[in-house]
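Enquirer: Take a look at this one; I'll ask things after.
2 protein chains.
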Amino acid sequence: MNRFKVTELGRDVFWLRDAEREHLVRVLRLSPGDLVVGYDNTGREYTGVIVNIEDKSVTCRILSTDQPDVEAHTSVYIVAGLSKGEKMEWVIQKGTELGMSGLIPLRAKRSIVHIEGKKAQDRVARWQKIASEASKQSHRVQEPEVFEVCDWKELKEQLPEDTQWIIPYEEEKTQRLASVLKTMSSEHPIAIIIGPEGGFEESEVAWVQENLSAQSVSLGPRILRTETAAMAAITLVLGHFGDLG
Amino acid sequence: MNRFKVTELGRDVFWLRDAEREHLVRVLRLSPGDLVVGYDNTGREYTGVIVNIEDKSVTCRILSTDQPDVEAHTSVYIVAGLSKGEKMEWVIQKGTELGMSGLIPLRAKRSIVHIEGKKAQDRVARWQKIASEASKQSHRVQEPEVFEVCDWKELKEQLPEDTQWIIPYEEEKTQRLASVLKTMSSEHPIAIIIGPEGGFEESEVAWVQENLSAQSVSLGPRILRTETAAMAAITLVLGHFGDLG
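Here the protein sequences come in this chain order: A and B.
All letters in the first sequence, in the order written, are residues 23 to 267 by the working numbering.
All letters in the second sequence, in the order written, are residues 23 to 267 by the working numbering.
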């Protein structure tokens, strides 16, 4: 059944507007009587039947409400050093499927991509759309949030105080991710800081170790591209806590 | 240092020919005196200095030979139901970085891609090239082998008798990959069978369960795209045996 993000929720109906309505009407060409699933980022999902298609809104009567156990119980965030467009986009798509809670785009020293102001806002909006589409495809009921692009200094305030920070680093040869995970708790958020194509500068790693008590970890002896490292790290973290595989 | 696949190995020299020579001369524009690293899929890697560039071959004198502990100790193969070009290509690229031993392209019932004969051979050659490039990028010394495209009936003979087969399946709701891995040994090869975009038909899963004693597993409640499932599965398998993260 096609999935939609609920624009407004009533007592026994929900409404789809704007892009959700457009997609239902123009792309999927659904009509009154067709069944759809709506979610509103509360963890609930609503099976509904289309009762009316108006100019600006589609009205669906709720037939049943469910709270599927589909979301990861561990909150894992990816902090992604800005890298080339397609790499960011697929980290967001794959990270959403795998179960990330959110993605924070970071201006790293070696980021060759530089976006500011309006351009950065548009990019974030586009990334959020990708997260939204991937959420529907993977049947999630809580879309990951794509945060505003931030600098190192602003990183700490993005996430709760009790966040556990992990930074995979090529020069970290001794401490493996697996051993660090044994010291962490699924009760508190986990943030994985991934470098841009060129990796991190030593000073950046030192900074997060000092200011965020981040643990630098090795992902093993093989050199991973930035997007591969992001996917491997979130998979291993969610797997460790029983939220994947 | 730039990495090359050794075409021929002598007592204290190695030669690079064909594509490896072309890449060194035309793309990287290296010259006599420059240092390079060569590997020959034996697990060894050779640091060499270019001593001579001839029309058909580049001669490098070996300065040192090393046997880096970079390869996974567990042999993990991905059996990939033929899916769209880019999906296959990045499963091969990412699978190589992560540490797969090889990839077997499989004609699955729902594969929308159909390649036979010469076209299939060309595609396999292209995929092997991608595995080769990813091996260099991730500093591997043993390139994964991309097998010929095969059918279900031919699958068993592709890998050793003692191979442990795993098939992630959306309809498998109870048996998780994590629990199945506890019953497996890193002493024997592990093959992960991944479906095409449309997934497997029930009869295909039943067939591998009966003929390969394959274990069907769940990767969790979120629906993963075929390429995401492949990456998550190999990451979790290698992670479980301490070969990643």
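Beta carbons: idealized from backbone N, C-alpha and C, even for Gly.
The structure presented is a predicted model; accordingly, all values stated were derived computationally and were not measured.
Give the single residue among B/P54, B/V58 and B/T87 whose Cα lies nearest to the Cα of B/N74.
Expert: Looking up residue 74 of chain B in the second sequence gives position 52. Cα-wise, what sits closest to B/N74 is B/P54.
Enquirer: Quick one: does B/D91 have its CB under 8 Å from some CB of chain A?
Expert: Position 69 of the second sequence holds residue 91 of chain B. At least one chain A Cβ lies under 8 Å of B/D91.
Enquirer: Along the beta strand (DSSP E) that carries A/V239, what are the first and last residues, could you check?
Expert: Numbered from its first residue, the first sequence carries residue 239 of chain A at position 217. Its beta strand (DSSP E) spans residues Q237 to V239.
Enquirer: Where in the segment 175-234 of chain A do unbroken runs of the beta strand (DSSP E), each at least 3 residues long, occur, reported from the N-terminal end onward?
Expert: Taking only runs of at least 3 residues, the beta strand (DSSP E) segments lying wholly in the segment 175-234 of chain A are 186-190 and 212-216.
Enquirer: CB A/L181 to CB A/V259, shorter than 8 Å?
Expert: Locating residue 181 of chain A in the first sequence gives position 159, counting from the first residue. Locating residue 259 of chain A in the first sequence gives position 237, counting from the first residue. Cβ distance not < 8 Å, so A/L181 and A/V259 don't count as in contact.
Enquirer: Three Cβ pairs or more, each shorter than 8 Å: is that satisfied between the segment 62-82 of chain A and the segment 207-221 of chain A?
Expert: No: fewer than three Cβ pairs fall under 8 Å.
Enquirer: Exposed or buried, A/S235, counting other C-beta atoms within 10 Å across all chains shown (16 or more means buried)?
Expert: The residue given as residue 235 of chain A occupies position 213 in the first sequence. A/S235 should be labelled exposed.
Enquirer: Measuring only between beta-carbons, confirm whether B/S160 sits less than 8 Å from chain A.
Expert: Here residue 160 of chain B refers to the residue found at position 138 when the second sequence is read from its first residue. Yes - at least one Cβ of chain A is within 8 Å of the one on B/S160.
Enquirer: Are the C-beta atoms of B/D265 and some chain A residue less than 8 Å apart?
Expert: Against the second sequence, residue 265 of chain B aligns to sequence position 243. Chain A, which has a Cβ nearer than 8 Å to the Cβ of B/D265, makes this yes.
Enquirer: Look at B/V58 and B/L52 and say whether their C-beta atoms are less than 8 Å apart.
Expert: Locating residue 58 of chain B in the second sequence gives position 36, counting from the first residue. Locating residue 52 of chain B in the second sequence gives position 30, counting from the first residue. Going by C-beta atoms, B/V58 is nearer than 8 Å to B/L52.
Enquirer: How far does the alpha helix (DSSP H) with A/K151 in it extend, from its first residue to its last?
Expert: Start at 1 with the first residue of the first sequence, and residue 151 of chain A comes out as number 129. From DSSP, the alpha helix (DSSP H) with A/K151 extends over G139 to Q159.
Enquirer: Does A/M253 get closer than 8 Å to chain B when you measure Cβ to Cβ?
Expert: Taking the first sequence and counting its residues from 1, the one referred to as residue 253 of chain A is at position 231. Yes, its Cβ sits closer than 8 Å to a Cβ of chain B.
Enquirer: Taking Cβ positions only, does A/E119 come closer than 8 Å to chain B?
Expert: Sequence index remark: in the first sequence, residue 119 of chain A carries index 97 (1-based). Chain B contact via Cβ: present.
Enquirer: Which of the residues in the segment 188-216 of chain B, read from start to end, lie with their CB under 8 Å from any CB of chain A?
Expert: Listed by position along the chain: R198, L199 and A200.
Enquirer: Given a limit of 9 Å on CB to CB distance, which residues of the segment 66-94 of chain B reach chain A?
Expert: Listed by position along the chain: P90, D91, V92, E93 and A94.
Enquirer: With distances taken Cα to Cα, identify the nearest neighbour of A/L50 among A/N24, A/K175 and A/T29.
Expert: For this step, residue 50 of chain A is matched to residue 28 along the first sequence. Checked all of A/N24, A/K175 and A/T29; the closest Cα to A/L50 is A/N24.
Enquirer: Where does A/E111 sit, in a helix, a strand or coil, going by DSSP?
Expert: Numbered from 1 along the first sequence, position 89 holds the residue referred to as residue 111 of chain A. Residue state, collapsed to three classes: helix.
Enquirer: Could you work out which residue in A/K116, A/M110 and A/A153 is closest to A/G217 when comparing CA atoms only?
Expert: Counting from 1 along the first sequence, the entry for residue 217 of chain A is found at position 195. Of A/K116, A/M110 and A/A153, the residue nearest in Cα terms is A/M110.
Enquirer: Report, in whole angstroms, the separation of the C-beta atoms of A/L241 and B/G267, which I expect to be a contact under 8 Å.
Expert: Position 219 of the first sequence, counted from the start, is the residue given in the question as residue 241 of chain A. Position 245 of the second sequence, counted from the start, is the residue given in the question as residue 267 of chain B. 5 Å between Cβ atoms; contact.
Enquirer: Okay, do the segment 92-100 of chain B and the segment 121-129 of chain B touch, 3+ Cβ pairs below 8 Å being the bar?
Expert: Enough Cβ pairs lie closer than 8 Å, so yes.
Enquirer: Using the beta-carbon count (16 or more within 10 Å), is A/D88 buried or exposed?
Expert: As a working mapping, residue 88 of chain A is identified with position 66 in the first sequence. Exposed.
Enquirer: Answer with buried or exposed for A/D184, where buried requires no fewer than 16 other C-beta atoms within 10 angstroms of its C-beta.
Expert: Your numbering for residue 184 of chain A matches position 162 in the first sequence. A/D184 comes out exposed.
Enquirer: So, is the C-beta of B/L246 closer than 8 Å to a C-beta in chain A?
Expert: In the second sequence, the residue the question calls residue 246 of chain B occupies position 224. So yes, B/L246 belongs to the interface.
Enquirer: Go through its chain and collect everything with a Cβ distance to A/F263's Cβ below 6 Å, but skip five positions before and after it.
Expert: Taking the first sequence and counting its residues from 1, the one referred to as residue 263 of chain A is at position 241. Closer than 6 Å at Cβ, skipping near neighbours: T96 and S208.
Enquirer: Have a look at A/S154, A/D265, A/K116 and A/S105 and flag the residue whose alpha-carbon is nearest the alpha-carbon of A/D62.
Expert: Within the first sequence, numbered from 1, the residue matching residue 62 of chain A stands at position 40. For the residues A/S154, A/D265, A/K116 and A/S105, the minimum Cα distance to A/D62 belongs to A/S154.
Enquirer: Measuring only between beta-carbons, confirm whether A/T250 sits less than 8 Å from chain B.
Expert: Position 228 of the first sequence holds residue 250 of chain A. Answer yes: the Cβ-Cβ gap between A/T250 and chain B drops below 8 Å somewhere.
Enquirer: Taking 7 Å as the limit between beta carbons, can you name the residues of its chain near A/W173, skipping five residues before and five after?
Expert: Along the first sequence, one-based indexing puts residue 173 of chain A at 151. Note on identity: in this sequence residue 173 of chain A is Asp, with Trp being the wrong assignment. R129.
Enquirer: Measure the Cβ-Cβ separation of A/Q143 and A/V168 and say whether it is below 8 Å.
Expert: As a working note, residue 143 of chain A is residue 121 in the first sequence. As a working note, residue 168 of chain A is residue 146 in the first sequence. No. Outside cutoff.
Enquirer: If you draw a straight line from the C-alpha of B/Q164 to the C-alpha of A/E194, how long is it?
Expert: Working through the second sequence from its first residue, we reach residue 164 of chain B at position 142. Working through the first sequence from its first residue, we reach residue 194 of chain A at position 172. Between B/Q164 and A/E194, the C-alpha separation is close to 23 Å.
Enquirer: Mark A/Q197 as exposed unless 16 or more other C-beta atoms lie within 10 angstroms of its C-beta, in which case mark it buried.
Expert: Stepping through the first sequence from its first residue, residue 197 of chain A is reached at position 175. Its Cβ having fewer than 16 others within 10 Å, A/Q197 is exposed.
Enquirer: Thinking just about the alpha-carbon of each residue, which of B/R66, B/E42, B/E219 and B/P127 is nearest to the one in B/S86?
Expert: Locating residue 86 of chain B in the second sequence gives position 64, counting from the first residue. Comparing Cα-Cα distances from B/S86 to each of B/R66, B/E42, B/E219 and B/P127, the minimum goes to B/R66.
Enquirer: Would you report the Cα separation of A/D265 and A/A251, rounded to the nearest angstrom?
Expert: Translated into the one-based positions of the first sequence, residue 265 of chain A becomes position 243. Translated into the one-based positions of the first sequence, residue 251 of chain A becomes position 229. The straight-line gap from Cα to Cα measures roughly 19 Å.
Enquirer: Report all residues from its chain with a CB closer than 6 Å to the CB of A/E137; omit the five preceding and five following residues, and keep chain order.
Expert: Within the first sequence, the letter at position 115 stands for residue 137 of chain A. As written in the sequence, residue 137 of chain A is Ile, which differs from the Glu given in the question. Result list for A/I137: R145, in chain order.
Enquirer: Taking the alpha-carbon positions, what's the B/G221 to B/Y191 distance?
Expert: Here residue 221 of chain B refers to the residue found at position 199 of the second sequence. Here residue 191 of chain B refers to the residue found at position 169 of the second sequence. Rounded to whole angstroms, B/G221 to B/Y191 spans 8 Å at the Cα level.
Enquirer: Does the beta carbon of B/K140 come closer than 8 Å to any beta carbon on chain C?
Expert: Within the model displayed, chain C is absent; protein chains A and B are what it includes.
Enquirer: Go through the segment 43-115 of chain A residue by residue and report every complete run of the beta strand (DSSP E) that reaches 3 residues or more, in order.
Expert: DSSP runs (the beta strand (DSSP E)) wholly in the segment 43-115 of chain A: 57-61, 67-75, 79-88 and 98-103.
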